[in-house]
Structures are given as C-alpha cells and as structure tokens.
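If you want this note's numbering, it's the position in the sequence shown, counting the first as 1, plus 720. Data first, discussion second: the structure below is written as structure tokens.
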Amino acid sequence: VGRSSHRAYAYFICPEPSELTPDARKRIEVIQELCDPGSGFKIATYDLEIRGAGEFLGTTQSGHIVEVGFEMYTELLEEAVMELKGEVRENEVNPEINMKVSQFIPDDYMPDARQRLGFYKRLASVSSEDELNTLNDELSDRYGGIPPTVVNLIDVAGLKLLLKKLKAKELAQKGARLYLTLGEYTGKDAEMGKRLAEKALKLVKKEPNKYRLMPDSRFSVRLPETLAHGEAVGLARMTLKELVTACGTVI
Numbered sequence: 721v722g723r724s725s726h727r728a729y730a731y732f733i734c735p736e737p738s739e740l741t742p743d744a745r746k747r748i749e750v751i752q753e754l755c756d757p758g759s760g761f762k763i764a765t766y767d768l769e770i771r772g773a774g775e776f777l778g779t780t781q782s783g784h785i786v787e788v789g790f791e792m793y794t795e796l797l798e799e800a801v802m803e804l805k806g807e808v809r810e811n812e813v814n815p816e817i818n819m820k821v822s823q824f825i826p827d828d829y830m831p832d833a834r835q836r837l838g839f840y841k842r843l844a845s846v847s848s849e850d851e852l853n854t855l856n857d858e859l860s861d862r863y864g865g866i867p868p869t870v871v872n873l874i875d876v877a878g879l880k881l882l883l884k885k886l887k888a889k890e891l892a893q894k895g896a897r898l899y900l901t902l903g904e905y906t907g908k909d910a911e912m913g914k915r916l917a918e919k920a921l922k923l924v925k926k927e928p929n930k931y932r933l934m935p936d937s938r939f940s941v942r943l944p945e946t947l948a949h950g951e952a953v954g955l956a957r958m959t960l961k962e963l964v965t966a967c968g969t970v971i
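Right, here's the structure in full:
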C-alpha cells in the first residue's frame with residue numbers, strides 16, 4: 721500500500737501459460753505490452769477485440785461503426801481524445817468516398833486482430849503517397865502478395881489524399897458515372913476554384929460524352945460500359961490527378 725513517499729505495488733498471480741485459455745493468454749500479453757500511464761483506453765480496445773463485439777473491422781460491422789464507417793469513426797474518436805486533452809485541431813476537408821469496391825483486410829491474410837486494427841489506423845492517418853507506398857511495401861514484406869480487397873483499400877486511401885488536395889467534399893460512384901463534389905473556394909482558395917473550373921470546362925468541351933458539369937456544380941465522369949474490377953478506382957485516380965495538375969502551384 722502506498723503512503724506518502726512509499727510506492728504502492730500490485731501483484732497479479734495467474735496459472736502457468738499452458739493452463740490458460742487462448743483469450744486469457746492474449747489478455748495477459750496486452751497487459752504486459754501496455755504498462756505505461758494512460759494505456760487504459762488501448763487495453764479496453766484490445767479487450768473488446770478479444771471478447772468480440774460483432775465483426776469490428778470486416779465486411780459486416782456493428783454498433784456506431786456501421787453507421788459512420790471505420791475511417792470516420794476513427795477520426796471522430798481522435799477528435800474527442802484531442803478535445804479532452806485540450807489540444808486544438810486545424811479544420812481540414814474530410815472528403816467522403818463511396819465507391820463500389822470491396823475494401824477490407826481478410827482474416828486469412830492478417831489473422832491477428834490487433835495488427836489489422838493497427839494497419840487500419842495507420843492507413844486512416846496517412847498524409848502522403850510516400851506513406852502509402854511504405855505501407856504497401858511493409859504489407860508485401862510481412863504477409864506476402866496483397867489480396868485485391870487490400871489493394872482497393874490502399875487505392876481508395878490514395879484517392880482521399882487527392883481529394884484533400886482539391887479540397888473536394890465527395891467522390892461517389894452511381895450507376896455508370898463518377899460524381900465529384902467540389903468544395904467552396906473562397907478567400908485564399910479562390911484561385912484554386914478558378915483553375916478547377918477552367919480545367920473542368922476544357923474536359924467537357926473536349927469529350928462531352930465522357931465528362932459533364934451538373935446543375936449542382938458536380939463534375940461527372942462516365943465509366944466504361946464493361947467495367948473491370950477496380951477500374952473505376954483507376955479512372956477516378958487519373959481524373960483527380962489531372963485536376964490536381966491543373967491547379968499547379970496553387971495547391
């Protein structure tokens with residue numbers, strides 16, 4: 721028992737590892753790894769994974785995550801933690817991406833739930849293509865060939881980086897078209913808005929059957945009739961890079 725300058729101690733006594741259940745061994749490993757002050761939240765998160773709360777990070781999700789998506793859930797959680805710490809977070813565009821592609825990490829590719837959670841968090845916080853390439857190389861080195869659903873996950877993260885550069889609000893795939901909702905370009909962003917508008921008009925004039933400017937100012941791209949798996953993501957990347965290039969040094 722701690723008193724004044726005397727430090728308190730707690731002793732955790734458990735059976736031999738061979739006598740423990742798999743879940744019990746995982747819990748003890750987590751406690752051993754996370755022993756620093758302030759680790760309570762992380763321990764609670766891992767405990768949730770161990771005892772189960774639906775399919776936390778797979779194709780079928782549960783709770784609040786299913787309502788807002790994992791990426792948004794992670795960002796909201798990060799904002800809440802920063803607010804509790806009294807830290808100020810700069811407002812930035814948080815574009816939404818709604819593409820008809822499967823994007824998740826299969827259990828048989830990365831069996832450990834904690835590693836999957838760690839990768840999802842790292843992917844949600846990347847800020848450059850170099851970081852994405854580093855994650856891609858790391859996956860190949862540690863787990864071998866990357867399955868299509870993980871490739872899609874990384875590619876969509878790359879799309880989000882481009883959307884942030886353009887300060888766009890949303891990229892959505894509906895039917896045979898992609899729809900890009902641009903932001904409001906005022907003040908210091910006015911020049912960017914002007915260049916984006918000029919580039920969009922040039923594309924529409926050059927290929928009116930492929931590109932369109934909608935009445936609500938959305939920019940639309942027609943997808944090929946025979947769409948191969950993942951081709952929509954590739955076409956979106958090419959279009960966004962073309963718009964980013966048009967903005968030049970403004971970005």
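The beta-carbon is built from N, C-alpha and C at its ideal position, and this holds for glycine as well.
Between the alpha carbons of Glu918 and Val924 lies a distance of about 10 Å. Close CB contacts of Glu803 within its chain, under the 6 Å cut and outside five residues either way in sequence, are absent. With respect to the C-alpha of Pro928, the residue from Pro935, Val941 and Asp827 having the closest C-alpha is Val941. DSSP places Lys762 in the helix class (H, G or I) of the three-state scheme. Taken through DSSP and simplified to helix, strand or coil, Asn929 comes out as coil. Judged by DSSP secondary structure, Arg897 falls within the beta strand (DSSP E) whose first and last residues are Arg897 to Thr901. For Val941, no alpha helix (DSSP H) encloses it; the enclosing beta strand (DSSP E) starts and ends at Phe939 to Arg942.
Less than 8 Å separates the beta-carbon of Leu891 from that of Leu879. Taking a cut-off of 8 Å for Cβ pairs, the region 902-920 and the region 831-847 do not touch, as fewer than three such pairs fall below it. The straight-line gap separating the alpha-carbon atoms of Phe939 and Val750 is approximately 48 Å. The beta carbon of Thr901 sits closer than 7 Å to those of Ala888, Lys889, Glu890 and Arg938, all from its chain and outside the five residues before and after it, given in chain order. Secondary structure note for Lys885: its alpha helix (DSSP H) is the uninterrupted segment Pro868 to Leu886. Under the three-state reduction of DSSP, Glu890 is assigned to strand. Taking 8 Å as the upper bound for CB-CB distance, Leu933 and Leu882 are not in contact here, some 19 Å apart. Within the model, the alpha-carbon separation for Ala896 versus Arg747 is close to 48 Å. CA-CA distance, Asp850 to Tyr731, rounds to 45 Å.
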